[in-house]
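Protein chains in written order, with the working numbering: chain C, 86 to 611; chain Y, 408 to 832.
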């Protein structure tokens, strides 16, 4: 019955999209109450159709649609006071999602731990619904925002080099494919900006988070973006969750989520304009979004609790045990460290009037685990390292003979190329750093990203190409996508592909190497 | 019959009242550079006896074809091709009326026109120190172009434009909606400080702030653009892209890139939106055209996919024809022909030719004297209609769709900053 209902919803959504795209010009306004209230948002259905599986994974699915996500986002800005002297606005962002693939796919439904399934399929508490809610007071050069906020400090489109404030929620999406509102977690804080008249038009920003913490949320085992169940389970045909699930459950249980004075975060940023360069410098002092294992406890948790629990779950067919019931204490900690960083951007006329952007960070005493030869399966301790990362981005537009006037109907081809390099000072060859695309013992990691965009036929079609290559570990991904903008103003359809490749060397897994998929997305924007 | 006379009498009475009240309202506004000499005007009045009040459509367009660009004659004669409703395309002929400039603009013209100093290359050396119409009787194309450039849009203005990108073949529109606020730092004539801001260390000429409202993915995306007095200096532009929540510096040099989905390029705003010295201007003489100079866009109609609004009111105007050729031999257009209103220095029509010299686009500005906040009437562009004839595509920018343009309003000169881009969200 449930399956039929979902299938009916899915069919209805597709039919509604087709019927409503008949070219009627919508006159709807997103402003109400004499412009005081402005509403926007979107509803979208995203489907990933898998074209490849990793070994053993096909047995965990009986449908190639391993992600069918309906997501909704609603944003409102209400101007409480709007005068030349003072503005007070109230901003709210609400989201909801409904993941339907486990309704199509009985096997995927079976292997997904029931706690994970509930959180994966839809929001389970109000906090997840509210992405942002803040009051903004603007008077003269001062702007004070109080409430739950998403703050973006970087200037690169999808990279987060200097963008360090909000933790990500990667359970259902990734940067570049989804909006920041969907993948960033808002934090409750006081954000004060002062726009000075000092030389360089300096803008000072201060962020105080009195103690609200959210950790990085990683995708669930057995889901589209998560690691495959077959690789993590204690037996490929066993439905109980695998080791990744147990580990992740403990991470989340140990995270100091919520309010606590120890969770304070503090940030400063100054922006300016000097010698035709827009620049910013920043400082951020916060707990790490991700965990560092307490080696002794983590090992105990694995051997004394998670493994027996998994065995028990295998026998009983139930996974009612939960990491939070383990009384052995915390296995993971979320350590504080400091980040210094900055951005700069300018237009260089002699270089085809291209736009150049630089972002950098310096992580002081960033916490890491150590393991035998850098392996995270044989941890030995905790260390702290200083890390410098720098990204340089080049953006340009090109008028291509014949193509631009004929296909682009006058719209230039746009290209952004970004090179990123990260260096670990005093490299300890045992540090576990493969999640940052380092080879074992190699202090440097690099990446090269390419973004291309071409609007075509009076922007009724848009082609985008997003790709990255990691030369140290020889991995890559490409995401070509065509978007059709339906007549009127609301409907968009995306058809694309997500393709992954590269080596599977000893210390860098190939988590995404077999996730090649066809992407289909229908969006209603308002 | 009696009803008809009654209506005529009421119209006459209204007209008479307007004649008395308009100067009082306008405060001695003057026409600068009349479109017609007295003998020419007499001939126009004679022609108007036949045509004023007539509805022009494909059945009689040939009879006035001499006063309409050839491309638009063809468009009106092919309504099916250009997405017209069943009744086809039509416009109404109205009588020519002189369009005065504001009192401030007229006074500035009197004060500064005689003080204009020219460099050997024809550029104005005291460009930033004067205001009004620098050349009330332009002797060449460059002088006429300067007259266009010195239009200050009332010192400040704000308008919201409803801009469908029109596909007549498929009979559909794709919508854009933007609010535009403009501020002139020099060439000011309406509000103190005149004629220029004393405190202008960056040497700004004018700046605009654009708030995008549609398409929805651009809602709350904002940008500002600064044009500098130095004609060799590129504009500065910054964009706050709401989806990425990032402030992006934009390259402003590639001004021939089309503006998303439309048939216009960045240089096409106001039918020319670049530094004057980038072109060569050749005065070709006069061209008497039917032009949109007293248009109420609210009285026009159109359906989705319709390339030209119906119900426009066009009047005769002896425009100044100027060939405009970009100095860059690789420029996207080989030539534009401006048809400049001699009274307002607004480009009323422009014909555009591609790099191979083949006719490509035609733009028509719909203008009207708009009341300013200081009680004057300022000739102002209330809409722009344009068609791309090589691919049968079109566009409209209707600046009266949401509200009438607000002219000579209070706008702070310090809103064109990166800080303000962040501030407004």
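We treat Cβ as the ideally placed atom computed from N, Cα and C, and that holds for glycine.
Taking 8 Å as the cut-off, the beta carbon of residue 470 of chain C is found closer than this to the beta carbon of residue 509 of chain C.
Fewer than three beta-carbon pairs drawn from the stretch 778–789 of chain Y and the stretch 539–556 of chain Y are found closer than 8 Å, and the two stretches are therefore not classed as touching. Three or more beta-carbon pairs drawn from the stretch 434–446 of chain C and the stretch 470–482 of chain C are found closer than 8 Å, and the two stretches are therefore classed as touching. The C-beta separation of residue 522 of chain C from residue 534 of chain C comes to about 12 Å, leaving the pair out of contact by the 8 Å criterion. Bounds of the alpha helix (DSSP H) holding residue 203 of chain C are 199–206. Counting only the Cα atoms, residue 295 of chain C lies some 19 Å from residue 228 of chain C.
With the criterion set as a beta carbon lying under 8 Å from some beta carbon of chain C, the members of the stretch 574–592 of chain Y are 574, 577, 578, 579, 580, 581, 582, in sequence order. Interface residue (Cβ-Cβ distance to chain C less than 8 Å): residue 660 of chain Y is classified as such. In the displayed model, residue 660 of chain Y falls within coil according to three-state DSSP, outside both helix and strand. Residue environment: residue 335 of chain C is assigned as buried (16 or more neighbouring CB atoms within 10 Å of its CB, all protein chains considered). Collapsing the DSSP output to three states places residue 397 of chain C in a helix.
Close CB contacts of residue 542 of chain Y within its chain, under the 8 Å cut and outside five residues either way in sequence, are with 520, 523, 550, 551, 553, 554 (chain order).
The Cβ of residue 764 of chain Y sits no closer than 8 Å to any Cβ of chain C. For the stretch 148–228 of chain C, the full-length alpha helix (DSSP H) segments reaching 4 residues or more read 186–189, 191–196, 199–206, 211–214 along the chain. In the DSSP annotation of this structure, residue 366 of chain C is not part of any alpha helix (DSSP H); the continuous beta strand (DSSP E) holding it starts and ends at 362–372. Residue contact with chain Y for residue 544 of chain C: present (Cβ-Cβ distance below 8 Å to some residue of chain Y). In terms of Cβ geometry, residue 575 of chain Y and residue 489 of chain Y form a close pair [threshold 8 Å].
Per DSSP, the beta-bridge partners of residue 757 of chain Y are Y:745, Y:770.
In the structure shown, residue 546 of chain C adopts extended strand secondary structure according to DSSP, grouped into three states. Scanning its chain for C-beta atoms nearer than 6 Å, with the 5 sequence neighbours on each side dropped, one finds around residue 549 of chain C the residues 538, 566, in chain order. Looking at C:274, C:160, C:152, C:145, the one whose alpha-carbon comes closest to that of residue 127 of chain C is C:160. Proximity to residue 530 of chain C across C:541, C:545, C:555, C:514 peaks at C:555, based on C-alpha coordinates.
Comparing alpha-carbon positions, the option among Y:743, Y:754, Y:772, Y:755 lying closest to residue 765 of chain Y turns out to be Y:743. By the rule that beta-carbons nearer than 8 Å mark a contact, residue 610 of chain C touches chain Y. Taking 8 Å as the Cβ-Cβ cut-off, the stretch 428–439 of chain C approaches chain Y at 430, 431, 432, 434, 438, 439, given in chain order. Ranked by how close their Cα comes to the Cα of residue 283 of chain C, the residues C:328, C:235, C:263, C:357 have C:357 in first place. Under the Cβ criterion of 8 Å, residue 574 of chain C is counted among the residues facing chain Y. Listed along the chain, the chain Y residues whose CB falls inside 9 Å of the CB of residue 540 of chain C are 665, 667, 668. Interface criterion not met: the Cβ of residue 629 of chain Y is under 8 Å from no Cβ in chain C. Counting the other Cβ atoms within 10 Å of the Cβ of residue 253 of chain C gives 16 or more, which makes it buried. When only Cα atoms are considered, residue 337 of chain C and residue 491 of chain C end up about 53 Å apart.
Below the 8 Å Cβ cutoff, chain C contributes 286, 288, 356, 358, 363 as neighbours of residue 825 of chain Y, in chain order.
Assigned with DSSP and collapsed to three states, residue 706 of chain Y falls in helix.
For the stretch 122–148 of chain C, the residues whose beta carbon sits under 7 Å from a beta carbon of chain Y are, in order, 125.
Taking a cut-off of 8 Å on C-beta distances, the stretch 168–175 of chain C does not touch the stretch 140–151 of chain C, as fewer than three cross pairs fall below it. For residue 525 of chain C, the three-state secondary structure derived from DSSP is coil.
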